[in-house]
């Protein structure tokens, strides 16, 4: 049978790839060389203050891992392999000083057969090259424009300059029978009416064997629905079988994410199981389709094209995609465990998200992420590792991109959750300057079509009709998101955001006490992105806060104000996008999580896994059914007419019964009735627009007013909108 | 040595593919079954009146060609092959009743080795299946949506329903040595600075031979610049050689279209030449780039992508592409000869065109077309055979499209003139309803990237930023093209048109005398597209003519008026597109030619090769350098202020000296000075905007006024604009 064993690792560095490191320290595998070195040197937490600056020199040296091997005794016909699922980024494997493997790219796993070549006590050296940089200066993300290394680690508005290097994925020795399963992949083709799947199994053996292959496919309840057995007599074996009425996989909120289990067993001549491979499969059809009526939008002459489709259809049903942009949950992906993903993805599911855009600036996640998304019905928009750069199609770059993208495709295409491939982030915008003609993107389209033709492919985001931005509660010209998004008409909002800080407690964990209040440039507020991130004032936007609230007197007050804006801004945008359905098919805020503690950021879950108030606002605005209101602005004053427009939003697959909404306005201790609406029954996945209320605002001694929508007998549909009641005149005439 | 011989062909039809035709008639090869049958039956010319209706039944029967073979005596080791460069559309080749070849697709050539299988006096049967139709009704272009058959022949606004079938390309017997050259293709890679080409030759032999391959590349003057010789010892042979400072190929108006000649000779053991293959190669680099400043156009939030690039760059120089849409010059492509192409392409070159868009609704042209475009510096935007349909990605269709597109790619990628690949016509518009996600278009992108990665690929036209239309001088809402295009801001105008009839003499050739005047529905005016083509009144637009001129009294008057509008409309649009350079990179009117005599059409050259007045207007507006004017409208009246804006347009690669333009207005016999402009020197490929003149129009006894621009000492820059001077009030208040 197959057995694994770990190597005993140390790591050291030198400036010469052929010189031995002056010193070695214990290494965690998977992990990152930076963390091993910092631990050995006793450095402070890189998340605190500006400790990360200490790591800068590590980008440019060679890191030598030494793995001492304890090779088990091999039975007859057994092989021992060195297996690595990923080394970051450019590497050589050496044995007795000889290079036995040479690779650029962290997403392509490799195996080296050591049988007869190595013995216990030998060491394998994994030499990791300096971080790839296409030029020496400037030291920013553009240095990543000729590699498949996630660009975010070269410095971003929410990520310090800190470039991970090292063995980031499981890496071990494995003893296997000479004939073993290299890969087993289940594929299927669904009948047009989804009533039947033609299921196939492709097994790739290390070499033909004497025994047999046994395949069992079990339904979600565990009952075997397909059982097949065949000779393992050729290196590639394909089995196929029909499956009538497969239970379909549905995204969160639309049904169960039904998963079947496939078990492939390799039997030897005496029918002993000598190798076993297990995977899961969700049956579903995914398409990008035009929004209803999108073909009928009148066009002036000269006429151009209709915008590309971005309405996702699962199993023939249009799904309003509501979710968030996912970034790496840690700076060092080697430290990510299944538990890291689980906590965050549970939050995502609980907040009614059904999609995450796995952003191209970040690392492509580990297997556990995709398994958990499969289980939770979280659709994935998965990008290749290109972001905000001009990735020129040089021969060397294209060769690496070709190999890395094929590895990513072969690994991830098995997952029901993966709904869309995308070439990368914001490549057709001025800060990237790539175009549809770029070889890198044509190559990705080609590889996706060759290896996974059924899944939609987008060259980048945004595309025509798709919107990115804005990333503040109020733009420089004084427009609030309330106004901007009510006037917008995108087919999808693939990025938008309002910034907010984490809790004051969280801030105290990484901002030195002396720097804590008030936030100032040149402190940890700045290194942790609250000041001068995207804009001089982002992401804390002290100017906007002061405009609405005046100067804050203490940290907790500042945090409360900023979190309030973030929550109400996102609540409005998500609900507005839902109101624009079906012309709009998608709303994904920037961003869900963050890779380290930001002092202010657009994330709704602070690192490592602490929901901000905005998280709960988003969860509310993404309930399948809710009573909602389109509100014109955030700041209101006495004498103005408060005029919310009432809505029932429904993106569930179920029709909704009629009902009654009562609208109340709470100001201080008072609750004043604004009106009521008897709404009609709603069809599945259909909204209903209601009346515009009209209420002259009285003088009141409060800073806040709350619109409360109460739905008779269905309190789960109730909503609250927390608005500013301002006794101060606005600083200027705009967006008051 | 290689020798060809023709077969002696007859053709007949039956409703049963396995039944012998009741009758056979002599067949012309290449040709079309319809023409053979019509000739034998003595039918009237299909171009006249509605004679073409007689052909309808021919779509749905099986056509059996019988080719009697006279096989030459074969020398030692010689082979005899049946060679066909194309049969339209679905075919079987049978010999003694046995199917020896079976194919769907007219663009994939085939060869059948008959050596030892056939003898003189044998006949080969080429069985042509009924025209492909994806459904029985409606009998329109949508029937072509599951085949690679040009959709135009299923009926179009300028093409009758008449679907060619038969052997449309050269088809013959050929005796060759057993080892012969199947294919020899020259490729090259240009250095970034264009100072050097790494030239390669790939030879595909029928089988390895004893002899040698001799390769000679000669420069345009005939001097050999590369000579190589190697053994013919393997089936595929690659030779490569550097070429310093290659003479570059330039499009019309930008320099010489320098062509090198490659000769590949197969030498036998005694160094006798036993096979010879010759081709030409033009060295040039082609790219689609963003227009200058296109990245800097400000974008509101939410921001979308920048439009895709459509500025063509040849050898690093942006080229303003000015040209026309090319359709098939004959309904039956089998009748097209090199002379057909030559006459039309000479006209294109003389009219200063540098680009033709080879439209996807039509047949992909024969080799002679591409050779002549290479020679004339006519850039080609070459589409695959998809147009105005939803080509669903069924397995069967994709298999044919894959094979056909690869054949097209392998044949045409050798031509310097081919600048852009395009998936097909208007596929992302409501009347087609394809999207970026369609498998057919992803497959074409994949095949282009695999087989010809350096050449730009567009999924379709229009794309974002590109305009199609309008196709009338004045739209239904009363806007003239003068107004529409001055307000438009497309990156390229890939289709636009104004209709016009051919000469009265031409009309008399195919409209029966009784139907000639006035044009009426239900006559040959309608079957020949002057009435109820795209719109009730197109393409003659009698309503617009009457609005400007009142009712016509006789044919010649009607023709003159309509041709006037066409000429002035196109003159305006082409010059306006040039004024919008560099934001606009391309202007291609719909269309250059036509496949049969249209009574009114958007073409500027009437079938078969008769320039309309609009042709000369276009030729004038496409001069490399000219004095031009932006004029607000076509119809003027006394008391209005005539206010042309003066321009010097220059898209030549040469700077222009300063000069003086005088503007005059001719009304009847009077020539009145409007003003003069001393224009400064112009840089290469740069326009200069001049003053707006202002001239109150006097009362005059004329129906026409002509703006004359005279350039001192450079009469070749002079321009004339013929406008309507109306003493009648306009019919309504719009566009007066």
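Protein chains in written order, with my numbering: chain A, 1340 to 2075; chain B, 1340 to 2075. Glycine included, every Cβ here is placed at the ideal spot set by N, Cα and C. Being a predicted model, the structure only gives us computed values, none of them experimental.
Exercise. Taking the C-alpha atoms as reference points, what is the distance between residue 1820(A) and residue 1813(A)?
Worked result: 6 Å
For this session: Tell me, please, whether the segment 1368-1388 of chain B touches the segment 1507-1516 of chain B by the rule of three or more beta-carbon pairs shorter than 8 Å.
Result: yes
For this session: Using a Cβ-Cβ cut-off of 9 Å, state whether residue 1955(B) counts as contacting chain A.
Result: no
Exercise. Among residues of its own chain, excluding the 5 on either side of residue 2059(B), which ones have a beta-carbon nearer than 6 Å to its beta-carbon?
Worked result: 2045, 2047
Exercise. Do you know how far the Cα of residue 1604(B) is from the Cα of residue 1563(B)?
Worked result: 14 Å
Exercise. Given that residue 1806(B) touches chain A, what residues does it touch there, using C-beta distances under 7 Å?
Worked result: 1641, 1642, 1643
Problem set entry | Supposed contact pair residue 1704(B) and residue 1661(B) - C-beta distance, whole angstroms, cut 8 Å | With a Cβ gap of about 20 Å, residue 1661(B) and residue 1704(B) do not count as contacting.
Problem set entry | Among 1593(B), 1530(B), 1486(B), 1443(B), the one whose alpha carbon lies nearest that of residue 1990(B) | 1593(B)
For this session: Could you name the residues of the segment 1759-1785 of chain A whose beta carbon sits closer than 8 Å to any beta carbon of chain B, in the order they occur along the chain?
Result: 1767, 1768, 1769, 1772, 1774, 1775, 1776, 1778, 1781, 1782, 1784, 1785
For this session: Report the three-state DSSP secondary structure of residue 2076(A) (helix, strand or coil).
Result: Not covered by the structure: residue 2076(A). The range shown for chain A is 1340 to 2075.
Exercise. Residues of chain B with a CB under 9 Å from the CB of residue 1801(A): which are they?
Worked result: 1641, 1642, 1643, 1644
Problem set entry | Residues near residue 2071(A) in its chain [Cβ-Cβ closer than 6 Å; skip 5 each side] | Confidence at residue 2071(A) is low in this model, with a pLDDT of 49, below 50, so its placement is unreliable and the value that follows should be read with caution. Cβ within range, chain order: n/a, list empty.
Exercise. Does the beta-carbon of residue 2013(B) have 16 or more other beta-carbons within 10 angstroms, so that it is buried, or is it exposed?
Worked result: buried
Problem set entry | Residue range of the unbroken alpha helix (DSSP H) whose run includes residue 1959(A) | 1952-1960
Problem set entry | Continuous beta strand (DSSP E) stretch holding residue 1658(A): start and end | 1656-1658
For this session: Could you work out which residues of chain B lie near residue 1635(A), taking near to mean beta carbons separated by less than 9 Å?
Result: 1769
Problem set entry | Identified DSSP bridge partners for residue 1806(A) | 1832(A)
Exercise. For residue 1924(A), is the classification buried or exposed, using 16 other Cβ atoms within 10 angstroms of its Cβ as the cut-off for buried?
Worked result: buried
Exercise. Under a three-way DSSP split, which group does residue 2072(A) fall into?
Worked result: At residue 2072(A), the pLDDT of 43 sits below 50, so the modelled position is not reliable; the number obtained from the coordinates is stated separately. Correct three-state label for residue 2072(A): coil.
For this session: With residue 1543(A) as the anchor, note down where its beta strand (DSSP E) starts and where it stops.
Result: 1535-1544
Problem set entry | Unbroken stretches of the beta strand (DSSP E), 3 residues or longer, contained in the segment 1519-1607 of chain A | 1520-1529, 1535-1544, 1551-1557, 1563-1570, 1575-1583, 1599-1606
Problem set entry | 7 Å Cβ shell around residue 1892(B) - same chain, five flanking residues per side excluded | none
Exercise. Who are the near neighbours of residue 2025(A) in its chain, counting only those whose CB is closer than 7 Å to its CB and skipping five residues on each side?
Worked result: 1989
Exercise. So, using beta-carbon positions, are residue 1434(B) and residue 1464(B) closer together than 9 Å?
Worked result: yes
Problem set entry | Partner residues on chain B for residue 1809(A), Cβ-Cβ distance less than 8 Å | 1640, 1641
For this session: Have a look at residue 1955(B) and residue 1635(B) and give me their C-alpha separation to the nearest angstrom.
Result: 38 Å
Exercise. Is there a Cβ from chain A that is less than 9 Å from the Cβ of residue 1500(B)?
Worked result: no
For this session: Work out the CA separation of residue 2009(A) and residue 2074(A) for me, nearest whole Å.
Result: Residue placement at residue 2074(A) is flagged as unreliable, the pLDDT there being 40, under the threshold of 50; a coordinate-derived value is accordingly withheld.
For this session: Have a look at residue 1957(B) and residue 1976(B) and give me their C-alpha separation to the nearest angstrom.
Result: 26 Å
For this session: Pick out whichever of 1481(B), 1497(B), 1351(B), 1987(B) has its Cα sitting closest to the Cα of residue 1726(B).
Result: 1481(B)
Problem set entry | Whole-Å CB distance - residue 1446(A) paired with residue 1416(A), under 8 Å assumed | About 32 Å separates the two Cβ atoms, so there is no contact after all.
For this session: Tell me, please, which residues DSSP counts as bridged to residue 1611(B).
Result: Partner(s): none; residue 1611(B) has no beta bridge.
Exercise. CA-CA distance, residue 2051(A) and residue 1998(A)?
Worked result: 7 Å
For this session: Quick one: grab the DSSP three-state call for residue 1688(B).
Result: helix
For this session: Please check the pair residue 2000(A) and residue 2015(A), which I expect to be a contact at CB under 8 Å, by giving their CB distance rounded to whole angstroms.
Result: 6 Å
Problem set entry | At least three beta-carbon pairs within less than 8 Å, the segment 1571-1579 of chain A to the segment 1614-1629 of chain A | no
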